[in-house]
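Numbering (UniProt numbering), first residue to last: 1 to 592.
Don't be surprised by glycine CBs; every beta carbon is placed ideally from N, CA and C.
Reviewing the structure listed below.
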């Protein structure tokens with residue numbers, strides 16, 4: 001068993017969503033990869049008045065107002081075939097509904113009940129913020145009655161039956177009031193609490209909510225105040241602050257930070273499940289300080305590069321779920337970082353394979369059926385499939401090697417039922433490895449690493465081409481295929497079949513040690529068979545077949561070339577003979 005040095009790694013990456021990239025903090029441990037939505041840089045300072053973030057910012061996506069950013073897209077690689085994330089295996093785009101190869105750079109968090117994309121037109125101020133403020137709720141709010149067509153009208157009257165409340169807040173020695181505000185008369189918005197920072201004065205009051213409109217501060221009316229006037233009123237309020245507020249429920253959902261990462265589908269589990277998704281709830285009015293993150297178990301994940309999405313800059317990493325339904329695409333700052341992250345994640349996934357094999361064999365061994373055989377190796381590969389027009393593409397699949405068979409699945413077979421229903425099953429004894437190495441003429445960096453198999457079936461020869469992601473994967477699979485074929489030959493020992501020779505019924509037996517035996521069956525029950533010919537492997541001078549039903553063997557004897565009618569396709573026997581010979585030659589080489 002290999003000795004693994006597992007990697008621990010962390011750093012900032014970008015995660016592909018259905019409509020854009022977002023920055024995430026990635027933390028790699030022995031068994032998991034944790035992705036946490038990266039918050040904006042903190043501003044700190046009690047009673048800090050901060051408008052350093054551009055007014056066009058919402059969850060890291062601008063609407064073109066940020067300096068140096070053109071309206072639309074600032075990243076030249078942003079529009080490269082982004083039709084996945086978390087990518088669905090069906091090939092359909094994500095829920096964002098964007099067209100293939102086009103990204104709506106204005107996309108943010110849609111207003112409830114509307115297909116309209118919000119844009120920020122307000123200003124944010126933090127009071128005692130230990131971190132940073134949220135962006136705009138995304139609508140043009142107005143304290144007047146007239147609103148332009150297509151805009152949302154939220155005024156101080158929007159709260160309906162909500163009561164006006166008076167809240168007394170006692171500031172701490174340090175930390176300030178602990179709120180962010182948004183709006184003002186110049187933005188045609190009331191003064192709104194957009195964030196409450198956990199552990200500070202406003203949070204300790206337990207009487208304020210995100211979405212509260214501040215009507216007055218210590219008796220000073222703010223109903224028609226500008227943003228700056230509200231800022232000054234709050235800064236000068238003193239240690240004890242009396243706020244008159246009214247909750248406006250129409251605006252509070254827009255201040256909630258969306259769970260962009262935690263709600264990504266993965267492994268067929270509903271993302272709302274806290275026990276399986278690795279996510280935590282966040283947002284108002286619960287001021288728990290939880291983060292938008294997802295913890296991904298690496299066990300039987302498939303990590304690949306340039307498989308389902310073009311990677312012209314060599315910066316992308318694809319992580320496929322064990323059930324084969326979802327894919328996450330991560331983007332690194334450069335190709336060197338992508339290689340480092342890929343290697344680290346791949347190393348940890350590979351280190352978990354012995355545990356996977358132990359679990360599988362334990363599950364299958366507990367069954368009473370005798371058909372279950374020890375699983376020798378399992379893992380993800382990509383098989384080349386042919387499309388219309390002669391084009392090719394690679395399809396991810398799980399390959400398992402048992403004592404006697406090669407099994408192919410669309411996803412990881414965790415249950416006995418799934419294990420018993422492979423998409424394809426081939427006997428190792430009738431399978432030959434015909435290629436292993438670079439798919440191109442030279443093993444240049446970035447060339448595909450592939451191996452090819454051919455299996456003799458009654459219908460003819462069936463070929464497959466598989467892509468491996470690393471040289472370790474390639475060498476492991478090719479070694480396991482060859483050793484598996486040889487060990488199967490020693491385990492099975494012989495194959496026999498009824499056939500016809502010179503118009504008489506005979507039985508051909510091919511034995512791993514004894515070679516070829518052709519015998520005539522006895523006439524009645526209990527009568528023995530008569531051996532017509534017996535030759536060891538080294539006497540075989542020539543073999544061949546017609547691809548239909550005849551097998552030709554020539555041992556150099558007086559009978560000459562024998563034509564055996566197998567009544568069906570001869571390829572399985574031809575491949576078994578080759579496997580026996582290969583195993584014997586290998587054994588002699590090892591014993592020499």
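| If you follow the alpha helix (DSSP H) that residue 490 is part of, which residue opens it and which one closes it? | 471-492 is the span of the alpha helix (DSSP H), which, as asked, contains residue 490.
| request: Give every residue of the same chain whose Cβ lies closer than 7 Å to the Cβ of residue 577, excluding the five residues on either side of it in the sequence, and list them in chain order. | output: Cβ neighbours of residue 577 beyond the five flanking positions: 510 and 543.
| request: Give every residue of the same chain whose Cβ lies closer than 6 Å to the Cβ of residue 360, excluding the five residues on either side of it in the sequence, and list them in chain order. | output: Closer than 6 Å at the Cβ level, and outside the excluded window around residue 360, lie 375.
| task | Return the residue from the list 581, 539, 454 and 330 that minimises the CA-CA distance to residue 561. | result | Taking only the C-alpha atoms, the option nearest residue 561 is 539.
| Of the residues 296, 243, 313 and 381, which one's Cα is nearest the Cα of residue 304? | Ranking the options by Cα distance to residue 304, first place goes to 381.
| What separation, rounded to the nearest whole angstrom, lies between the Cα atoms of residue 228 and residue 192? | Cα atoms of residue 228 and residue 192: separation of roughly 13 Å, rounded to the nearest angstrom.
| said: Quick check on residue 529: buried or exposed, where buried means 16 or more other Cβ atoms within 10 Å of its Cβ? | reply: It counts as exposed.
| Neighbour-count burial assignment, residue 188, 16 or more Cβ in a 10 Å radius | With 16 or more neighbouring CB atoms inside 10 Å of its own CB, residue 188 falls in the buried class.
| message | Taking 7 Å as the cut-off, is the C-beta of residue 409 nearer than that to any heavy atom in the ligand SAM? | response | With respect to the ligand SAM, the structure shown offers nothing to examine, as it has no ligands at all.
| So, using beta-carbon positions, are residue 433 and residue 451 closer together than 8 Å? | Their beta carbons are under 8 Å apart, which means residue 433 touches residue 451 by this criterion.
| Which full runs of the alpha helix (DSSP H) of 4+ residues lie inside the stretch 307-368, going along the chain? | Taken in chain order, the complete alpha helix (DSSP H) segments of 4 residues or longer contained in the stretch 307-368 are 335-351 and 353-365.
| message | From the DSSP secondary-structure annotation, give me the bridge partner or partners of residue 550. | response | DSSP lists 565 as the beta-bridge partner residues of residue 550.
| request: Pick helix, strand or coil for residue 430, following the three-state DSSP scheme. | output: It is helical.
| request: Tell me whether residue 441 is buried or exposed, calling it buried when 16 or more other Cβ atoms sit within 10 Å of its Cβ. | output: For residue 441, the predicted model reports a pLDDT of 46, less than 50, meaning its position is unreliable; a value from the coordinates is still stated below. Counting Cβ neighbours within 10 Å, residue 441 comes out exposed, since fewer than 16 surround it.
| How would you label residue 489, buried or exposed, when you count the other beta carbons within 10 angstroms and need 16 or more for buried? | Residue 489 is buried by the Cβ-count criterion.
| task | With DSSP as the reference, label residue 466 as helix, strand or coil. | result | Residue 466: strand per DSSP, three-state reduction.
| residue 179: buried (16+ other C-beta within 10 angstroms of its C-beta) or exposed? | With 16 or more other Cβ atoms from the protein chains shown falling within 10 Å of its own Cβ, residue 179 counts as buried.
| field | Candidates 395, 335, 217 and 548, of which the one nearest residue 167 by Cα | value | Ranking 395, 335, 217 and 548 by Cα distance to residue 167 puts 217 first.
| task | Kindly indicate the opening and closing residues of the alpha helix (DSSP H) around residue 232. | result | That run of the alpha helix (DSSP H) goes 227-235.
| Among 545, 549, 501 and 546, which one has its Cα closest to the Cα of residue 533? | Closest option to residue 533, Cα to Cα, is 501.
| task | Return the residue from the list 207, 496, 588 and 348 that minimises the CA-CA distance to residue 573. | result | Comparing Cα positions, the closest option is 496.
| C-alpha distance - residue 518 paired with residue 566, whole-angstrom precision | One C-alpha to the other measures close to 13 Å.
| said: By DSSP's criteria, residue 520 is part of a beta bridge. Which residues make up the other side? | reply: In the DSSP assignment, the residues bridged to residue 520 are 506 and 530.
| said: Out of 329, 418 and 205, which one is the CA nearest neighbour of residue 19? | reply: Between residue 19 and the set 329, 418 and 205, the nearest pair of CA atoms involves 329.
| How long is the line joining the alpha carbons of residue 334 and residue 312, rounded to whole angstroms? | Spanning the two alpha carbons is a distance of roughly 11 Å.
| said: Tell me which residue opens and which closes the alpha helix (DSSP H) that residue 417 is part of. | reply: According to the DSSP assignment, residue 417 belongs to the alpha helix (DSSP H) that extends over 416-419.
| To which residues of the same chain is residue 520 closer than 7 Å at the C-beta, ignoring the five residues directly before and after it? | Cβ neighbours of residue 520 beyond the five flanking positions: 504, 506, 529, 530 and 532.
| task | Tell me whether residue 250 sits in a helix, a strand or coil according to DSSP, three-state version. | result | Coil.
| Proximity below 8 Å, CB of residue 327 to CB of residue 319 | In this structure, the beta-carbon distance from residue 327 to residue 319 falls below 8 Å.
| task | Run the CB neighbour count on residue 354, radius 10 Å, all protein chains shown included, and call it buried at 16 or more, exposed below. | result | By the 10 Å Cβ count, residue 354 comes out exposed.
| said: Measuring straight from C-alpha to C-alpha, what distance separates residue 468 and residue 402? | reply: Whole-angstrom Cα-Cα distance: 19 Å.
| Quick one: Cα of residue 541 to Cα of residue 582, how far? | Answer to the nearest angstrom: the Cα atoms are 16 Å apart.
| Hey, quick one: how far does the beta strand (DSSP E) through residue 297 stretch, first residue to last? | For residue 297, the enclosing beta strand (DSSP E) stretches over residues 293-297.
| said: For residue 363 and residue 206, what's the separation of their Cα atoms in angstroms? | reply: Annotation: residue 363 to residue 206 spans about 52 Å, alpha carbon to alpha carbon.
| task | Measure the Cβ-Cβ separation of residue 377 and residue 300 and say whether it is below 8 Å. | result | No.
| request: Look up residue 582 in the DSSP assignment and give the residues it is bridged to. | output: DSSP, once it has assigned bridges, lists no residue as partnering residue 582.
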